[in-house]
Structures are given as structure tokens and as C-alpha cells.
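Chemist: In the order they appear, the protein sequences are chains A and B.
Take the first sequence: its position 70, counted from the start at 1, is 56 in the working numbering, and no numbers get skipped.
Take any residue in the second sequence, note its place counting from 1, add 1016, and you have its number in the working numbering.
Every residue, glycine too, gets a C-beta built ideally from N, C-alpha and C.
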Amino acid sequence: DVKVTQSSRYLVKRTGEKVFLECVQDMDHENMFWYRQDPGLGLRLIYFSYDVKMKEKGDIPEGYSVSREKKERFSLILESASTNQTSMYLCASSLYPPPTEAFFGQGTRLTVV
Amino acid sequence: RKEVEQDPGPFNVPEGATVAFNCTYSNSASQSFFWYRQDCRKEPKLLMSVYSSGNEDGRFTAQLNRASQYISLLIRDSKLSDSATYLCVVSNAGGTSYGKLTFGQGTILTVHP
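1) Return the chain-ordered ranges of every beta strand (DSSP E) run that is complete within the segment 38 to 93 of chain A and spans a minimum of 3 residues.
2) May I ask you to verify whether the segment 1071 to 1083 of chain B touches the segment 1018 to 1032 of chain B, counting CB pairs closer than 8 Å and requiring at least 3?
3) Going by DSSP in three states, residue 1097(B) sits in which element: helix, strand or coil?
4) Following the continuous beta strand (DSSP E) through residue 12(A), name the residue where it begins and the one where it ends.
5) What is the rounded straight-line gap between the Cα of residue 22(A) and the Cα of residue 75(A)?
6) Could you work out which residue in 1127(B), 1038(B) and 1025(B) is closest to residue 1105(B) when comparing CA atoms only?
7) Just to confirm, are residue 1121(B) and residue 28(A) a CB contact at a threshold of 7 Å?
8) Residue 1034(B) by DSSP, collapsed to three states: which one?
9) Check this for me: beta carbons of residue 1117(B) and residue 88(A), under 7 Å apart or not?
10) Is there a Cβ of chain A sitting closer than 7 Å to that of residue 1059(B), yes or no?
11) Where residue 10(A) and residue -9(A) are concerned, what is the direct C-alpha to C-alpha distance, given to the nearest angstrom?
12) From residue 1087(B) to residue 1128(B), what distance separates their C-alpha atoms?
13) Please list the partners that residue 1119(B) has in chain A, where partner means a Cβ-to-Cβ separation under 7 Å.
14) Residues in its own chain within less than 7 Å of residue 47(A) by CB, not counting five upstream and five downstream?
15) To the nearest angstrom, report how far apart residue 1012(B) and residue 1066(B) are at their CA atoms.
16) Nearest chain A C-beta to residue 1131(B) closer than 7 Å, yes or no?
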């Protein structure tokens, strides 16, 4: 089975902290994605990557950065966490090229206080 | 205008009912189309891909109208277990956005006895 694993299910961080969310997939997928999900807004794409060291901004990249040094790992970085970044963060991966199914991790519920 | 827009819902239907969800997309270069299902507090999972010729999987039928940039999902003989959020998903074509997956905000379905 395809597995996408996010490092934490729940995180609580303080305003101004640097936060790392890690995602690992075991199916050699080229594409990886970071979304945030908020009530009434659905899933919004933060960043995606179609290859190692390659990244593209999504719809809401402000306040975030990403790193993909290895094919299986895609990290989301909050440089200075703010309360409006409290959300559910979902990582996904898929084969390239599309159309292919995207597989999601279980999500990280981040609370910034 | 949002790139992918869905019926806001929520839909509350009795068991056995037929229910239809609609979705429109704004990028005429979009290449691939999907319906995902998300259960409460779970990650999204692929329900079905959507093809130009239309496709059916048991009680579920998906249709694509490229001219109108419109996607639909029909659920016949609704079951209690169909209660979930249904997400319309569009994949871009071309350039560095190739493979980018954009989600609609989702439509909540509740099937009651």
C-alpha cells in the first residue's frame, strides 16, 4: 500500500517560532504537495514539488517555505509562526505525469498560541 | 473567481435518494478531473476519476462537460455510509504547473434514515 506519513498528528507552537512539518512517502512518487484545510475554505495549496529540489508556489505561499532534498521527503517550514497559521495541514503525493491518484497523509493539526 | 467551485451544500437526503453535485472550473487548459471523498477527521481519498465519455462505478456516475467546464457526480440509492464531504479536484496541464491539483471547497452530504 502507498503510504504518506506526516511526522506529527498534533502540534502546539508559540507565535514567532520556526516550525517544521515533515512528510515522507514510500512509493517513489515525483509529485508532492502541501495543503492547508480550514472550515468553509476547503483545501488550499501552499506549495508543490514535481521533482527533487524543484518547487512551485501554490495559491497561498505567503509565510511558508518548503524543502525537498530527497525524493521521498517534502518539508513545510513556517519561518515565524502566527496565529492565522493555525490549521490542519495535509501532505499528498502522486505519480508524474498526471492523471494519477493523489495519496494523502493523515494530517497535522497545528495550533499556534 | 475561484479556480474550482462547487455547490456549497450541505445536502441532507433520506436513504435511497438520488443526489447530484456540481462543480465548475475556470482554467480551460485543465487536463484531469477527479472526485475525492473525505470522511470526518480523515484525509481525502480518491472516489473516482472523471472522463469525457462519462464513467460509472456502481451507484456513482461522474460526467465531464469540457465545453461548459463543468463536472458532476450523481449518487443513486444513497446509503448512510455515503455521508461525507465530496471534493471536486482539477489537475492543470502544461508548464511548471503540470500536475498541480486544485480542490474545490467541498460539499457536505448527510444521508439520514
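Modeler: Result, derived from the coordinates:
1) 40 to 43, 50 to 56, 59 to 64 and 73 to 80
2) no
3) Walking along the second sequence from the start, residue 1097(B) turns up at place 81. Helix, per DSSP.
4) Indexing the first sequence from 1 puts residue 12(A) at position 26. Careful: residue 12(A) lies outside any beta strand (DSSP E) and carries neither H nor E.
5) To locate residue 22(A), count along the first sequence from 1; it is residue 36. To locate residue 75(A), count along the first sequence from 1; it is residue 89. Looking at the two C-alpha atoms, the distance is approximately 4 Å.
6) Counting from one through the second sequence, the residue named residue 1105(B) turns up at place 89. Out of 1127(B), 1038(B) and 1025(B), 1038(B) has the C-alpha closest to the C-alpha of residue 1105(B).
7) By 1-based counting over the second sequence, the position of residue 1121(B) is 105. By 1-based counting over the first sequence, the position of residue 28(A) is 42. For residue 1121(B) and residue 28(A), yes; Cβs fall inside 7 Å.
8) Position 18 of the second sequence, counted from the start, is the residue given in the question as residue 1034(B). In this structure, residue 1034(B) counts as coil in the three-state DSSP scheme.
9) Your numbering for residue 1117(B) matches position 101 in the second sequence. Your numbering for residue 88(A) matches position 102 in the first sequence. Yes, the pair counts as a contact, with Cβ atoms nearer than the cut-off.
10) Stepping through the second sequence from its first residue, residue 1059(B) is reached at position 43. For residue 1059(B), the answer is yes, since a Cβ of chain A falls inside 7 Å of its Cβ.
11) Your numbering for residue 10(A) matches position 24 in the first sequence. Your numbering for residue -9(A) matches position 5 in the first sequence. Roughly 5 Å between the two C-alpha positions.
12) As a first step, residue 1087(B) is located in the second sequence; it is residue number 71 there, counting from the start. As a first step, residue 1128(B) is located in the second sequence; it is residue number 112 there, counting from the start. C-alpha separation (whole angstroms): 26 Å.
13) Here residue 1119(B) refers to the residue found at position 103 when the second sequence is read from its first residue. 28 and 29, listed in chain order.
14) Locating residue 47(A) in the first sequence gives position 61, counting from the first residue. Within the same chain, residue 47(A) has close Cβ partners 32 and 33.
15) The requested residue 1012(B) is not part of the displayed model; chain B covers only 1017 to 1129.
16) This structure leaves residue 1131(B) out entirely; chain B is present only between 1017 and 1129.
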